[in-house]
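Peer 1:
Number of protein chains: 2
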Amino acid sequence: MIRRLCVVGVGLIGGSLARALRDAGYCSEIVGCGRRVEHLQEAVDLGVIDRFDTDPARAVQGADMIVVCVPLGAMEAVFRSIAPALAADAVVTDAGSAKACVVAAAHRAFGGVPPGFVPGHPIAGTEKSGVAASLAGLYRNRTVILTPLPETSPAATARVQAMWEVAGAQVQYMDVDHHDEVLAATSHLPHVLAFQMVDTLARMSDEDEIFRYAAGGFRDFTRIASSDPVMWRDICLANGTALLAMLDRYRSDLDHLADAIRSGDGAAIERVFRNAKAARDRHNER
Amino acid sequence: MIRRLCVVGVGLIGGSLARALRDAGYCSEIVGCGRRVEHLQEAVDLGVIDRFDTDPARAVQGADMIVVCVPLGAMEAVFRSIAPALAADAVVTDAGSAKACVVAAAHRAFGGVPPGFVPGHPIAGTEKSGVAASLAGLYRNRTVILTPLPETSPAATARVQAMWEVAGAQVQYMDVDHHDEVLAATSHLPHVLAFQMVDTLARMSDEDEIFRYAAGGFRDFTRIASSDPVMWRDICLANGTALLAMLDRYRSDLDHLADAIRSGDGAAIERVFRNAKAARDRHNER
């Protein structure tokens, strides 16, 4: 049970967690924190949070669980603000899509990683954002990856795991660098490729016609390319090393495929397509 | 009305058209043609076609409408087979995803484009294939692009338009080269990028883990990467010029984006992402 939950950044991710925990009766009180009063008031009106404070240090007072759901670029400032105000039993976790940068931010802001800090990443979300899009079932049957550090207290980790399980998620553990590599491959790379494709087409002279004739494959790309640009900019900057390693690998493979198309090498083209289809069908993704 | 419809290649595309026209009572008889008797028998068993012949010349006998729904690489051989057997009033159309190559194949096979030949392309389909996946509603509210040539008889074009409208589609007209450019951008490029991404990830050492942690964006990629490899190989070969022009443009843009990530240029990254999101939201794709 959580006595007082403080959600810093009450958008899709933080709002959905608050809704799930409230529905489960797992929190006595939920305090929201953010920069814009109108968004926080909307969260109160929607019943997602009980009250709010725009000042992080005041918002976390007396909270035994703090979940920081802000863009990666804003993590360090939040950590600095809350550092002097944390309750003695406070557990702090986050929902950032890359973890090495969050751990580095915590190091700088807290002057070392406190035992109550548990880096986390719920693998969930939609292309929508904002508290109005939040829903209690967002994490049901989804994976949350926790990347506790040697300094992290097992009791804090257990409390964060329990919280996510109450929200319906399954918790997995990884080390920080491996998390960042796996996410660069499965999430950051596809988003970057999709954003770039839609940008490329949007700058063509017959843009209107192109978007009008968009078929199935294209729609999937445009959907993920409508994700929040600032959040994804921060992910690219924060997980640049792992993302660039994937991008370099991809660009090299794509160069070879373009060469095969240019030279009419049907066997080489088919090999790539067959391998992709076999992997997809083998893993039976839906 | 169609007296006798011959569908050459009774898979998802041809089978769905046959189902739609049969449901509408628009054909007196539907003859299937293909290479594999077991697939054709399945189409009979499913009620999609009335009878079949594996020999294209026999299959088209007496047909007043022939729809060729075979991979692009098989078009010319089919045209050659049916050329001597066509009824005097026969209209021939196709469902190929690229049109310049089909027109060239028709030129070679028929010795010039016959007035009854109407190149066409239904912008529909799923990642599934085969007659078992066909459904009468596949073309409802979808676009079919026709690219009639100067040699094409307006009466033949009108008959093909009427057929697709009965199947629920909206018919648009384009010239051949423009069709191939628009489709390279909206369909062929995204499929190639997706196939390549899944292939790249499938060749990584931690493939199993990567596919296990796949999130939303990745799933969309893997879905279109499970499309038919042979069909897409043929599209790459047949529409290579337009596709390579798009691929070169994309690769150049992606190189710039990778440079921006490498140098930590957040403003440049955000510009690409904002432009993509704005285009997507402006065109309101779903």
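Chains B and D, in that order, give the protein sequences. Mapping of the first sequence onto numbering that gives the first Met the number 0: position 281 corresponds to residue 280, and the numbering continues sequentially without gaps. Mapping of the second sequence onto numbering that gives the first Met the number 0: position 176 corresponds to residue 175, and the numbering continues sequentially without gaps. Virtual Cβ for every residue (Gly too), placed ideally from N, Cα, C. If you're wondering where the values come from, they're calculated on a predicted model, not measured in any experiment.
Between the segment 154-169 of chain B and the segment 72-86 of chain B, can you find at least three pairs of beta-carbon atoms closer than 8 Å?
Peer 2: No: fewer than three Cβ pairs fall under 8 Å.
Peer 1: So Leu256 of chain D packs on Ala184 of chain B, CB below 8 Å; how close in whole Å?
Peer 2: The pair is not a contact, with the Cβ atoms about 17 Å apart (cut-off 8 Å).
Peer 1: Classify Asn238 of chain B: buried if its beta carbon has 16 or more other beta carbons within 10 angstroms, exposed otherwise.
Peer 2: Classification for Asn238 of chain B: buried.
Peer 1: Taking the alpha helix (DSSP H) that Met245 of chain B belongs to, which residues open and close that run?
Peer 2: Residues Gly239 to Arg261.
Peer 1: Here's the rule I'm using: 16 or more other beta-carbon atoms within 10 Å means buried, otherwise exposed. How should Gly288 of chain D be labelled?
Peer 2: No answer is possible for residue 288 of chain D: it lies beyond the span of chain D, which begins at 0 and ends at 285.
Peer 1: Quick check on the burial criterion: 16 or more other C-beta atoms within 10 angstroms. Buried or exposed for Pro121 of chain B?
Peer 2: Buried.
Peer 1: Between Arg35 of chain D and Ile234 of chain B, what straight-line distance do the alpha-carbon atoms span, to the nearest angstrom?
Peer 2: Their backbone Cα atoms lie some 50 Å apart in a straight line.
Peer 1: Using 8 Å as the threshold, is the segment 185-204 of chain D in touch with the segment 105-113 of chain D, meaning 3 or more CB pairs across them?
Peer 2: Short answer: they don't touch.
Peer 1: Would Gln171 of chain D and Thr142 of chain D be called neighbours here (beta carbons separated by less than 8 Å)?
Peer 2: Cβ atoms of Gln171 of chain D and Thr142 of chain D: closer than 8 Å.
Peer 1: What residues in the segment 184-200 of chain D have a beta carbon less than 8 Å from any beta carbon of chain B?
Peer 2: Residues passing the 8 Å Cβ filter: Ala184, Thr185, Ser186, Leu188, Pro189, His190, Val191, Leu192, Ala193, Phe194, Gln195, Met196, Val197, Asp198, Thr199 and Leu200.
Peer 1: Less than 7 Å separating the Cβ of Ala97 of chain D from some heavy atom of the ligand MG?
Peer 2: Questions concerning the ligand MG fall outside what the structure shown contains, since it holds no ligand whatsoever.
Peer 1: Within the same chain, show all residues whose beta-carbon is closer than 8 Å to that of Gly167 of chain B, passing over the 5 residues directly before and after it, in chain order.
Peer 2: Correct list, in chain order: Ala19, Gly136, Tyr138, Arg139, Asn140 and Arg141.
Peer 1: Could you check the C-alpha separation between Gly10 of chain B and Thr92 of chain D for me, to the nearest Å?
Peer 2: Going by the C-alpha atoms only, they are around 52 Å apart.
Peer 1: Mapping DSSP to helix, strand and coil, what is Thr221 of chain D?
Peer 2: Three-state DSSP puts Thr221 of chain D in a helix.
Peer 1: Tell me whether Arg285 of chain B sits in a helix, a strand or coil according to DSSP, three-state version.
Peer 2: Reliability fails at Arg285 of chain B, whose pLDDT of 43 lies under 50, so the model's placement of it is uncertain and no value is given.
Peer 1: To the nearest angstrom, how far is the alpha carbon of Val43 of chain B from that of Ala132 of chain B?
Peer 2: Rounded to whole angstroms, Val43 of chain B to Ala132 of chain B spans 14 Å at the Cα level.
Peer 1: Quick one: list the residues of chain D neighbouring Phe116 of chain B, beta-carbon separation under 8 Å, in chain order.
Peer 2: Within chain D, no residue comes near Phe116 of chain B; the closest Cβ sits about 23 Å away, beyond 8 Å.
Peer 1: Could you tell me the alpha carbon to alpha carbon distance between Asp254 of chain B and Val191 of chain B, rounded to whole angstroms?
Peer 2: Approximately 17 Å between the Cα atoms of the pair.
Peer 1: Counting only the same chain and skipping the five closest in sequence on each side, list residues whose C-beta sits under 6 Å from that of Ser225 of chain B.
Peer 2: Cβ neighbours of Ser225 of chain B beyond the five flanking positions: Glu126.
Peer 1: Do the segment 74-82 of chain D and the segment 95-104 of chain D meet, that is, are 3 or more Cβ pairs less than 8 Å apart?
Peer 2: Counting Cβ pairs under 8 Å, three or more are found: they touch.
Peer 1: Hey, Ile268 of chain D and Arg232 of chain B: beta-carbon distance below 8 Å or not?
Peer 2: Yes, the Cβ-Cβ distance between Ile268 of chain D and Arg232 of chain B is below 8 Å.
Peer 1: Are the C-beta of Ile12 of chain B and some C-beta of chain D separated by less than 8 Å?
Peer 2: No, Ile12 of chain B lies away from the interface with chain D (no Cβ there is under 8 Å from its Cβ).
Peer 1: Taking 8 Å as the CB-CB limit, is Asn274 of chain B close to chain D?
Peer 2: So yes, Asn274 of chain B belongs to the interface.
Peer 1: List the endpoints of the continuous beta strand (DSSP E) containing Ile48 of chain D.
Peer 2: Segment: none, Ile48 of chain D is in no beta strand (DSSP E) and carries neither H nor E.
Peer 1: Anything in the segment 66-89 of chain B with a Cβ closer than 7 Å to a Cβ of chain D? List those residues in chain order, please.
Peer 2: Taking 7 Å as the Cβ-Cβ cut-off against chain D, none of the residues of the segment 66-89 of chain B qualify.
Peer 1: Smallest Cα separation from Arg2 of chain D: which of D:Ala82, D:Glu28, D:Ile144 and D:Ser262?
Peer 2: Checked all of D:Ala82, D:Glu28, D:Ile144 and D:Ser262; the closest Cα to Arg2 of chain D is D:Glu28.
Peer 1: Using three-state DSSP, classify Asp93 of chain B as helix, strand or coil.
Peer 2: Looking at Asp93 of chain B - three-state DSSP - the assignment turns out to be strand.
Peer 1: According to DSSP, is Gln40 of chain D helix, strand or coil?
Peer 2: Here Gln40 of chain D sits in helix by DSSP.
Peer 1: Give me the residue from B:Cys32, B:Gln40, B:Ile48 and B:His38 with the minimum Cα distance to Asp22 of chain B.
Peer 2: It is B:Ile48.
Peer 1: Going by the CB atoms, is the gap between Cys68 of chain D and Gly8 of chain D shorter than 8 Å?
Peer 2: Contact: yes.
Peer 1: Report the option in B:Arg57, B:Val165, B:Lys98 and B:Pro153 whose CA atom is closest to the CA atom of Ser15 of chain B.
Peer 2: If we check each option's Cα against that of Ser15 of chain B, B:Val165 comes out closest.
Peer 1: Could you work out which residues of chain D lie near Pro228 of chain B, taking near to mean beta carbons separated by less than 7 Å?
Peer 2: Per Cβ cutoff of 7 Å: Glu269, Phe272, Arg273 and Lys276.
Peer 1: Asp227 of chain D: which of D:Ala244, D:His187, D:Ala241 and D:Asp205 sits nearest, CA to CA?
Peer 2: The shortest C-alpha separation from Asp227 of chain D is found at D:His187.
Peer 1: Residues of chain D with CB closer than 7 Å to the CB of Thr142 of chain B, please, in chain order.
Peer 2: Neighbours of Thr142 of chain B on chain D, chain order: Tyr212.
Peer 1: Of all the CB atoms in chain B, is at least one closer than 8 Å to the CB of His282 of chain D?
Peer 2: His282 of chain D counts as touching chain B.
Peer 1: Residues of chain B with CB under 9 Å from Asp252 of chain D, in chain order?
Peer 2: Within 9 Å Cβ-Cβ: Gln195, Met196, Asp198, Thr199 and Arg202.
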